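Enquirer: In my numbering, the protein residues as written are 1357 to 1790. Have a look at this one.
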Amino acid sequence: MKIGIIGTGYVGLVTAVGLSELGHEVTGTDIVEEKIDMASRGITHIYEPGLDQMLKKNLKQGNLSFSSNLNKTILSSDVLFVCVGTPQREDGSADMSFVEEVSRKVAENLNAYKLVVEKSTVPVKTSMWIKRTISLYKKSEIDFDVASNPEFLREGSAVSDFLNPDRIILGAETDKAKDILKKIYEKFKDRILITNIDTAELIKHASNSFLALKISYINLMSEMCEKTEADVEQVAKGMGFDPRIGPLFLRAGLGYGGSCFPKDIRALTKIGEDLGINMNLLKEADRINLERISVYVEKIKKALWILKDKKIAVLGLSFKPETDDIREAPSVKVIQELIKEGSFLRLYDPKAMENMKEVFPEEQPQLLYAKSSYEAAKDANALLFITEWDEFKKLDLRKVKEVMANPIIIDGRNIFEPVTVRELGFEYYSIGRK
Ligand code: UDX
């Protein structure tokens, strides 16, 4: 069985490498030549722990290859995983034009039975459109199936998530499609849930939106804590002991970012509204999340009074640790606000600096990219923690204090214990704690 992966972005590249690691013969294709060129040479265009090594290993073994020729990849594959982007449109809905384009290409190159598997996060009912498009454009009577196999991997731990999934969701209509997918995921047969296609599509959006809700909920509680004597870390811990709630995804902070949660919660809202359903629950979660930035900037103002001409060190630019991804990262909005206020910023991140330079070029007079946390902290009037990289947890705060102009920390991710930091002589502000 030959597998073709269409789109080698985050999900596609990990899927290509992961499926080849499971022993399948895989070809990845993309319209961006550079991605194909890099992947063919064993280089990943994203930072993802462990992905480089696994890519190199499978290229060498010969069961993984990359090609910029989409038509050829379709012609030579039995199963096609569609991993193209579904970006957000202005009204919040997902832009499905790449998926439509791929469906037409599949129709034009339908030389034998093929199973087309949606892996990109797509609105419920997408499979029906893919099926209709392929049927409309295909030139022969050759049969095909469409199925849904949503991806749940997290950035920063994508490789281990792929190789140790907590569930494999397979939405399929025909026995043939179900059998092919079961064979591909044979190794995880104890974790497979087979559903109809609408259900599989909805499981993905419903999962991400639920997790986003959980984060917004604890962030709302963090505001309650700040107005009372309660401590959000303890509230989360106390709630988490209840197995019905669970301890994960209850970290208060600057809110969720990344390429999935913000986009998916809006897409699901739009789908629901189009179906005539009141989706205010999700809208509220989105609003609470967006509000995290202004709440945080207010904290900085409370600490510094006037932000104009203040030197501020910004540590952590990626939307979460262990990735260089800055899509929908809270750091971008915080930096925009501080630039508007006239502050001077020194930015540092272990992996995301190059990506950030594309948003805020080095020439920007109010910005400086530092080589380390200590360099960023030099002469600063305040130090911000935006992402909870391990590297920051291990900082020598005594050394940090020595180089700063004023020892003020505004911690957006509750990295430190307030007592410890204050004992070192810092003025310390965090989220939902005194
Ligand atoms: C998410 C889903 O977890 C994954 O299943 C899906 O396939 C893609 O979207 P990802 O975006 O990589 O993965 O990161 P995740 O670890 O889920 O974090 C998302 C955002 O929520 C990050 O900005 C993170 O900082 C934030 N977060 C997470 C919190 O603010 N608090 C938490 O308790 C957990």
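Cβ coordinates follow ideal geometry from the N, Cα and C atoms, glycine included. These numbers were taken from a predicted model, which means no experiment stands behind them.
Are there any heavy atoms of the ligand UDX lying less than 7 Å away from the beta-carbon of residue 1676, as far as the coordinates show?
Expert: As a working mapping, residue 1676 is identified with position 320 in the sequence shown. Answer for residue 1676: yes, Cβ within range of the ligand UDX.
Enquirer: What is the DSSP secondary structure of residue 1573, counted as helix, strand or coil?
Expert: The residue you call residue 1573 lines up with position 217 of the sequence shown. In this structure, residue 1573 counts as helix in the three-state DSSP scheme.
Enquirer: Between residue 1748 and residue 1728, how many whole angstroms is the CB-CB distance? I'm expecting something under 8 Å.
Expert: Position 392 of the sequence shown, counted from the start, is the residue given in the question as residue 1748. Position 372 of the sequence shown, counted from the start, is the residue given in the question as residue 1728. Actually they do not touch by this definition, with Cβ atoms about 11 Å apart.
Enquirer: Determine, using beta carbons only, whether residue 1789 and residue 1581 come nearer to each other than 8 Å.
Expert: On the sequence shown, position 433 is the one that residue 1789 refers to. On the sequence shown, position 225 is the one that residue 1581 refers to. Cβ atoms of residue 1789 and residue 1581: closer than 8 Å.
Enquirer: Can you tell me whether residue 1632 is helix, strand or coil according to DSSP?
Expert: Locating residue 1632 in the sequence shown gives position 276, where the first residue counts as 1. Note: residue 1632 maps to coil in three-state DSSP.
Enquirer: Would you mind stating whether residue 1370 and residue 1407 have Cβ atoms separated by less than 8 Å?
Expert: One-based indexing of the sequence shown puts residue 1370 at position 14. One-based indexing of the sequence shown puts residue 1407 at position 51. Taking 8 Å as the Cβ cut-off, residue 1370 and residue 1407 qualify as a contacting pair.
Enquirer: Quick check: is any heavy atom of the ligand UDX less than 7 Å from the C-beta of residue 1511?
Expert: Here the question's residue 1511 lines up with position 155 in the sequence shown. Yes; taking the cut-off as 7 Å, the Cβ of residue 1511 has a heavy atom of the ligand UDX nearer than that.
Enquirer: What is the C-beta distance between residue 1671 and residue 1739, in whole angstroms, given that I count them as a contact (C-beta under 8 Å)?
Expert: Position 315 of the sequence shown, counted from the first residue, corresponds to residue 1671. Position 383 of the sequence shown, counted from the first residue, corresponds to residue 1739. Confirmed, about 7 Å.
Enquirer: Going by the C-beta, is residue 1407 closer than 7 Å to any heavy atom of the ligand UDX?
Expert: By 1-based counting over the sequence shown, the position of residue 1407 is 51. For the ligand UDX, not one heavy atom lies less than 7 Å from the Cβ of residue 1407.
Enquirer: State the Cα-Cα distance for the pair residue 1488 and residue 1457, rounded to the nearest angstrom.
Expert: Here residue 1488 corresponds to residue number 132 of the sequence shown, with the count starting at 1. Here residue 1457 corresponds to residue number 101 of the sequence shown, with the count starting at 1. Cα to Cα, the separation comes out at about 13 Å.
Enquirer: Would a check of beta-carbon distances place residue 1531 closer than 8 Å to chain D?
Expert: The structure shown contains no chain D; it holds only a single protein chain.
Enquirer: What separation, rounded to the nearest whole angstrom, lies between the Cα atoms of residue 1649 and residue 1502?
Expert: Here the question's residue 1649 lines up with position 293 in the sequence shown. Here the question's residue 1502 lines up with position 146 in the sequence shown. So the alpha carbons of these two residues sit roughly 41 Å apart.
Enquirer: In angstroms, rounded to a whole number, what distance separates the CA positions of residue 1677 and residue 1659?
Expert: In the sequence shown, the residue the question calls residue 1677 occupies position 321. In the sequence shown, the residue the question calls residue 1659 occupies position 303. Taking the straight line from one Cα to the other gives about 26 Å.
Enquirer: Nearest CA to the CA of residue 1779: which residue from 1765, 1410, 1787?
Expert: The residue given as residue 1779 occupies position 423 in the sequence shown. Out of 1765, 1410, 1787, 1765 has the C-alpha closest to the C-alpha of residue 1779.
Enquirer: Of all the alpha helix (DSSP H) runs that stay within the bounds of the segment 1598-1667, which reach a length of 4 or more residues?
Expert: The qualifying runs are 1617-1630, 1636-1660.
Enquirer: I need the straight-line Cα distance from residue 1570 to residue 1561, nearest angstrom please.
Expert: As a working note, residue 1570 is residue 214 in the sequence shown. As a working note, residue 1561 is residue 205 in the sequence shown. Each residue's alpha carbon lies about 14 Å from the other.
Enquirer: Apart from the five residues on each side of it in sequence, which residues of its chain come closer than 6 Å, Cβ to Cβ, to residue 1628?
Expert: To locate residue 1628, count along the sequence shown from 1; it is residue 272. Around residue 1628: 1635.
Enquirer: Beta carbon of residue 1564: closer than 7 Å to some heavy atom of the ligand UDX?
Expert: For the purposes of this step, residue 1564 is taken as residue 208 along the sequence shown, with counting starting at 1. Yes, the Cβ of residue 1564 comes within 7 Å of a heavy atom of the ligand UDX.
Enquirer: So residue 1376 is in the beta strand (DSSP E); what residue range does that whole segment cover?
Expert: Counted from its first residue, the sequence shown places residue 1376 at position 20. Here residue 1376 belongs to no beta strand (DSSP E); instead the alpha helix (DSSP H) covers 1366-1377.
Enquirer: Assuming residue 1488 is part of the alpha helix (DSSP H), what are its boundary residues?
Expert: Residue 1488 sits at position 132 when you count from the first residue of the sequence shown. Element bounds for residue 1488: 1482-1493.
Enquirer: Taking 7 Å as the cut-off, is the beta-carbon of residue 1581 closer than that to any non-hydrogen atom of the ligand UDX?
Expert: Along the sequence shown, read from residue 1 onward, the residue named residue 1581 stands at position 225. Checking every heavy atom of the ligand UDX against the Cβ of residue 1581, none is found closer than 7 Å.
Enquirer: Which residue or residues does DSSP assign as beta-bridge partners of residue 1444?
Expert: Residue mapping note: residue 1444 aligns to position 88 of the sequence shown, counting from 1. DSSP output for residue 1444 lists 1450 as bridge partner(s).
Enquirer: Give the DSSP bridge partners of residue 1381, in chain order.
Expert: Indexing the sequence shown from 1 puts residue 1381 at position 25. Beta-bridge pairing links residue 1381 to 1358.
Enquirer: Taking the alpha carbon of residue 1680 as the point to measure from, which residue in 1699, 1687, 1708, 1719 has its own alpha carbon closest?
Expert: Looking up residue 1680 in the sequence shown gives position 324. Out of 1699, 1687, 1708, 1719, 1708 has the C-alpha closest to the C-alpha of residue 1680.
Enquirer: Since residue 1694 contacts residue 1662 with CB under 8 Å, what's their CB separation in whole angstroms?
Expert: Along the sequence shown, read from residue 1 onward, the residue named residue 1694 stands at position 338. Along the sequence shown, read from residue 1 onward, the residue named residue 1662 stands at position 306. About 12 Å separates the two Cβ atoms, so there is no contact after all.
Enquirer: How many Å lie between residue 1690 and residue 1699 at the Cα?
Expert: In the sequence shown, residue 1690 corresponds to position 334, counting from 1. In the sequence shown, residue 1699 corresponds to position 343, counting from 1. Their backbone Cα atoms lie some 11 Å apart in a straight line.
Enquirer: Rounded to whole angstroms, what's the CA-CA distance from residue 1575 to residue 1363? Just pull it up for me.
Expert: Within the sequence shown, residue 1575 is the residue found at index 219, counting from 1. Within the sequence shown, residue 1363 is the residue found at index 7, counting from 1. So the two alpha carbons sit approximately 35 Å from each other.
Enquirer: How many Å lie between residue 1782 and residue 1583 at the Cα?
Expert: The residue labelled residue 1782 in the question sits at position 426 within the sequence shown. The residue labelled residue 1583 in the question sits at position 227 within the sequence shown. Using only the alpha carbons, I get a separation of about 22 Å.
Enquirer: Please say whether residue 1435 and residue 1466 have beta carbons closer to each other than 8 Å?
Expert: Taking the sequence shown and counting its residues from 1, one reaches residue 1466 at position 110. Taking the sequence shown and counting its residues from 1, one reaches residue 1435 at position 79. No, the pair does not count as a contact, with Cβ atoms beyond the cut-off.
Enquirer: Does DSSP put residue 1669 in a helix, a strand or coil?
Expert: Position 313 of the sequence shown, counting from 1, holds the residue named residue 1669. In this structure, residue 1669 counts as strand in the three-state DSSP scheme.
Enquirer: In whole angstroms, what is the alpha-carbon distance linking residue 1563 and residue 1440?
Expert: The sequence position of residue 1563 within the sequence shown is 207, counting from 1. The sequence position of residue 1440 within the sequence shown is 84, counting from 1. So the two alpha carbons sit approximately 20 Å from each other.
Enquirer: Starting from residue 1429 and walking both ways along the alpha helix (DSSP H), at which residues does that stretch end?
Expert: Reading the sequence shown from its first residue, position 73 is the one you call residue 1429. From DSSP, the alpha helix (DSSP H) with residue 1429 extends over 1426-1432.
Enquirer: So, under 8 Å CB-CB, residue 1368 and residue 1361 are touching, yes? Tell me the CB distance rounded to an integer number of Å.
Expert: Translated into positions along the sequence shown, residue 1368 becomes position 12. Translated into positions along the sequence shown, residue 1361 becomes position 5. With a Cβ gap of about 5 Å, residue 1368 and residue 1361 count as contacting.
Enquirer: CB-CB under 7 Å to residue 1494, same chain, minus the five flanking residues each way: which ones, in chain order?
Expert: The residue labelled residue 1494 in the question sits at position 138 within the sequence shown. Only 1463, 1466 meet the Cβ criterion.
Enquirer: Within this structure, are the beta carbons of residue 1791 and residue 1481 separated by less than 8 Å?
Expert: A question about residue 1791 goes unanswered here, because the residues of the chain that appear run from 1357 up to 1790.
Enquirer: Helix, strand or coil for residue 1699 per DSSP?
Expert: Mapped onto the sequence shown, residue 1699 falls at position 343. If DSSP states are grouped into helix, strand and coil, residue 1699 belongs with coil.
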